[in-house]
Amino acid sequence: MEQIHETDRIVETCVVRNIRDGLNYARMHHTMIRITGQTGRGKTFAAADWAARDKNAVYVRIPAGCTRTMLLKLIARSFGYTGTRFTGPALADAVLRGEMLTEKNLLILDEAGHLMPRGSRSSTLPLELVRDIYDVCGCAVALIFTDVYIQDMETGYWKDFLEQFRGRITFRVDIPARIFREEVEQIVASFVPNPGQTLVDMAWESVSDPKRKDGNLRRLFENLKWAKQLAGAKGHALGADDLKVVFAYVEDGGRWPKGGR
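Under my numbering, read the sequence shown as residues 575 to 835, first letter to last.
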């Protein structure tokens, strides 16, 4: 199973809470669910963290251009199978006949959009494998998408084929594009207890202003990590001035001399 980095931590926001609720629902009801949201909303970290805490969860991050064989190998690797023990048809049999996935498992497929066919000549085999796993193995399945792929599912060339998946999905976690101020407050508070209002306001502005280059929560989290390091090097708690320095560096694309012509 893919693990999140040991220095990363999950901040309990409303988005994280709803993702966990969705995964719990899938596991409890042995069903297929869909989690959808824009990039940078915490889908990957929340799902990987949940999977790391559940012995029956299987987390697989789907690479771009994933084929049926690649997906089978990724699943087998999650169970510790490497090398040539399973190859060719034997690999598919091992996955589909209960040697790996069973009704106890929740298979989490992150970046599931990479399984989707692209254009009229693309293969549907990876998605057909997901359908077969769900139908044959009886395990729960969670498909995590960025929102752009959902548009293809609903209106694209393969709409009729993909309808079979929409019919199997019994629960949807649709993460709003809008970032809530409560999320920002919770993230800032995870770096410094009782943060000052100026620091919170500065963090909020960075994700709510559409003109900013650093306008998502993932970037804010990284900027706060950097600002905290700067504050620690100076021997004081994280404050608005530290975050301001980081924002200025990111906005300017580095440090540049003043003046010039």
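Ideal Cβ placement from N, Cα and C applies to all residues, glycine included.
For clarity, every value in this text was computed on a predicted model and none was experimentally measured.
Contact under 8 Å by Cβ, residue i with residue j
i      : j      : result
ALA751 : ALA600 : no
ILE607 : ALA716 : yes
VAL747 : ILE636 : no
VAL634 : LEU675 : no
LEU812 : VAL766 : yes
MET672 : HIS604 : According to the sequence displayed, residue 672 carries Gly and not Met. Contact flag unset, no.
MET707 : ALA686 : The residue you asked about is not Met; residue 707 is Ile in the sequence shown. Going by C-beta atoms, ILE707 is not nearer than 8 Å to ALA686.
ASN630 : ASN598 : no
LEU646 : ALA666 : yes
Residue burial classification, residue i (beta-carbon count within 10 angstroms, cutoff 16)
i      : result
CYS516 : The displayed coordinates of the chain run from 575 to 835. Any statement about residue 516 would go beyond what the structure contains.
GLY741 : exposed
GLU580 : Caution applies to GLU580, whose pLDDT of 38 falls short of 50 and renders its modelled position unreliable; the value that the coordinates give is listed next. Flag for GLU580 reads exposed.
MET602 : exposed
ASN768 : exposed
THR610 : buried
GLY596 : buried
ALA801 : buried
ALA625 : buried
ASP816 : buried
Inter-residue CB distance, residue i and residue j (contact presumed, cutoff 8 Å)
i      : j      : result
PHE619 : ILE649 : No, PHE619 and ILE649 are not in contact; Cβ-Cβ is about 21 Å, not under 8 Å.
ARG651 : LEU703 : Not confirmed; about 15 Å, so no contact.
GLN612 : ASP721 : 6 Å
VAL632 : LEU681 : 5 Å
ALA824 : ASN797 : For the record, residue 824 in the displayed sequence is Val; it is not Ala. About 7 Å; that satisfies the 8 Å criterion.
Proximal residues to residue i (C-beta, below 6 Å), its chain only, five neighbours per side dropped
i      : result
GLN760 : VAL585 and THR587
ASN790 : GLY614
ALA814 : THR772, LEU773 and MET776
ARG792 : GLY614
ARG755 : TRP778
PHE821 : none
ILE749 : VAL589, GLY611 and ARG615
ASP628 : none
Three-state class that DSSP yields for residue i in the structure shown
i      : result
ARG792 : helix
ILE584 : coil
LYS758 : According to the sequence as given, residue 758 is Val; it is not Lys. It is helical.
ILE578 : Bear in mind that a pLDDT of 39 at ILE578, under 50, signals an unreliable position, so the model cannot answer this.
PHE739 : helix
GLY611 : strand
LEU675 : coil
ARG746 : strand
PHE719 : strand
ARG642 : helix
LEU680 : strand
VAL766 : coil
TYR655 : coil
ARG591 : helix
ALA621 : helix
ALA631 : strand
MET602 : helix
Contacting residues, own chain, Cβ-Cβ under 7 Å from residue i (five flanking each side not counted)
i      : result
ALA638 : HIS688
VAL590 : ILE584, GLY616 and ALA620
CYS640 : HIS688, LEU689 and PRO700
PHE653 : MET674
VAL710 : LEU670
8 Å CB neighbourhood of residue i in its chain, flanking five on each side removed
i      : result
LEU794 : VAL758, ILE761, ALA777, SER780, VAL781 and ASP788
GLN738 : ARG705
THR744 : HIS603, THR605, MET606 and ILE607
ALA668 : ALA650, TYR655, PHE660 and MET674
Any chain D beta carbon closer than 8 Å to residue i
i      : result
MET644 : The structure shown contains no chain D, having only a single protein chain.
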